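Okay, structure first, notes after.
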Amino acid sequence: MPELKDNNVTLGAIYMCAAMLGGTSIDIAVKALAADFSTAQIVLLRSLFALPIVLTLVGQQVGFAALTNVSWRWQLWRGVLTAGANFGFFYGLIHIELVTALMIAYVSPVLIVLLAKPLLGEPIGTGKLIGVMVGFAGVLFVIQPDSFDIHPGIWAILGSALSWALLSLSNRRLAGSVPAAVMTFYTYPVALILGAILTWDSWVTPQGADWALFALAGFGSVVAHGFAVLAYKNAAAGTIAPFEYTALIWITLAGYIFWGEIPAWTVWVGGAGVILGGYIALRYP
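Below is the structure:
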């Protein structure tokens with residue numbers, strides 16, 4: 004495996020912030036659609052709107068022949084992880100407030116730091132381990148697990164966070180060997196197929212503004228996946244992952260403006276712990 008270095012941390016951070024802005028647009032659209040459409044149909048139509056954009060990027064940047072010059076095992080694995088991240092988080096958004104869902108999902112950067120050593124060989128010292136523990140404590144404070152009877156939506160978001168962490172590490176692992184547009188394309192087929200199968204007997208025809216929301220989710224997913232690939236191409240996973248926290252700004256505003264959501268104090272305290280853990284992991288080796 005080639006040695007991975009921090010080539011351009013600043014550029015990687017900018018790309019990650021852009022990816023999180025795209026991800027926020029997905030969350031807003033999905034939250035708005037969740038009352039009328041199943042998780043599977045949201046995944047399906049989001050993927051259908053995204054694919055033409057991705058294919059255009061592939062054709063312009065590297066040519067369609069590049070889609071066949073890949074490791075199928077790796078791309079299938081990344082497709083499965085993307086499906087897990089999508090289905091888990093979209094299902095959770097149906098039942099959990101936006102900011103609360105995001106605070107729980109913020110365990111993903113902590114998981115990236117924790118898994119970067121065994122999976123990528125990136126160093127993890129005492130500081131990063133402390134950051135991981137603080138981050139996990141923050142997630143537990145958000146969830147408030149006074150018993151094992153935790154809402155399935157929370158488990159779904161935790162599963163989504165793990166899937167996203169593994170997908171991010173695969174982006175870093177393949178950086179330099181697979182074009183960003185090609186990697187972005189292969190995040191869609193598995194989710195699209197699963198969405199189509201699960202929607203077969205439960206299709207609901209979108210009306211009016213619904214189509215615009217599906218299009219927003221599709222465009223946002225291209226931005227999120229594409230810029231995330233570029234972010235991990237330019238900086239080490241343990242360094243760049245904490246910049247995922249920038250999504251909190253946009254999610255908090257959207258939750259309040261569109262749904263009047265004001266998170267409980269436990270969400271803010273626990274979320275602060277998660278963010279602090281990410282900062283410690285970023286700042287101290």
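Quick note on my numbering: the sequence shown kicks off at 4 and runs consecutively. Note that CB positions come from ideal geometry on N, CA and C, so glycine has one too. Quick caveat: nothing in here was measured; it's all calculated off a predicted structure.
Two segments are said to touch when three or more pairs of C-beta atoms, one from each, lie closer than 8 angstroms; by this definition the region 198-211 does not touch the region 135-147. In this structure, the straight-line span from the alpha carbon of residue 155 to that of residue 41 is close to 16 angstroms. Under the three-state reduction of DSSP, residue 270 is assigned to helix. In terms of Cβ geometry, residue 183 and residue 82 do not form a close pair [threshold 8 angstroms]. The closest CA to that of residue 36, considering only 232, 252 and 220, is found on 220. Three or more pairs of CB atoms, one per stretch, sit closer than 8 angstroms, so the region 221-239 contacts the region 14-21. Rounded to the nearest angstrom, the gap between the Cα atoms of residue 211 and residue 217 is 11 angstroms. Counted as a single uninterrupted DSSP element, the stretch harbouring residue 206 is not any alpha helix (DSSP H), since DSSP gives it neither H nor E. Excluding five sequence positions before and after residue 90, the CB atoms of its chain that fall closer than 8 angstroms to its own CB belong to 42, 43, 46, 159, 163, 194 and 197, given in chain order. Residues of the same chain with a CB within less than 8 angstroms of the CB of residue 144, apart from the 5 flanking positions on each side, are 269, 272, 273 and 276 in chain order. By the CB criterion at 8 angstroms, residue 207 and residue 25 fall outside the cutoff. 8 angstroms or more divides the Cβ of residue 101 from the Cβ of residue 213.
As the crow flies, the alpha-carbon of residue 88 is around 25 angstroms from that of residue 127.
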